[in-house]
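Worksheet for the structure shown next.
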Amino acid sequence: MKATSLAVTAMAMACSVVTASVAADNSPPDAQHTKPATVQSSPEYQAAEDQFRKYQEGYDRGDAKALASFYAEDVDYIDQDGVEVKGRGEMEKLFMENFQANPGAKITITIEEVKPLTPDVQVNR
Numbered sequence: 002m003k004a005t006s007l008a009v010t011a012m013a014m015a016c017s018v019v020t021a022s023v024a025a026d027n028s029p030p031d032a033q034h035t036k037p038a039t040v041q042s043s044p045e046y047q048a049a050e051d052q053f054r055k056y057q058e059g060y061d062r063g064d065a066k067a068l069a070s071f072y073a074e075d076v077d078y079i080d081q082d083g084v085e086v087k088g089r090g091e092m093e094k095l096f097m098e099n100f101q102a103n104p105g106a107k108i109t110i111t112i113e114e115v116k117p118l119t120p121d122v123q124v125n126r
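Residue 102 in this note's numbering sits at position 101 of the sequence shown, with consecutive numbering throughout.
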């Protein structure tokens, strides 16, 4: 379980993503699960969706190398238990250990908001 929460925490920290369910409201069921076209069709949203899809596919395959590639070569990562990982190779090892401890682990990523801060930086929630 610790390894699973570590991988999920790593993804959340790396991409500022949270998984959440849609709250019930009085709108028709189809409307509850859609975002305005202007949001979904924005280049920022599309870029975030593409990256998260690739991450999710890698995670669902148990591909530690693919997941590690989302991190900088000189990544310095500290998990919620204070365990420090330095370097992409060590991140790959961390993911590999997670998948060995949790065979068949899957992840679901839901984009709730894409907020551009500058032309080169955006927050994805």
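No residue lacks a Cβ here, since even glycine has one placed at the ideal position from N, Cα and C.
Source: prediction; values computed, not measured.
By the Cβ rule, the segment 118-126 does not count as touching the segment 63-73, because fewer than three pairs are nearer than 8 Å. Between Tyr72 and Met92, the beta carbon gap of about 5 Å places them in contact (Cβ cut-off 8 Å). Within its own chain, the residues whose Cβ lies closer than 8 Å to the Cβ of Gln57, once the five positions on either side in sequence are excluded, are Ile108, Thr109 and Ile110, listed in chain order. With fewer than 16 other Cβ atoms from the protein chains shown falling within 10 Å of its own Cβ, Gly83 counts as exposed. In the three-state reduction of the DSSP assignment, Lys66 falls in the helix class. By the 16-neighbour rule on beta-carbons within 10 angstroms, Gly59 is buried. CA-CA distance, Gln81 to Gln41, rounds to 32 Å. Contact between Glu45 and Ile112 does not hold, since their C-beta atoms are separated by about 10 Å, which reaches or exceeds 8 Å.
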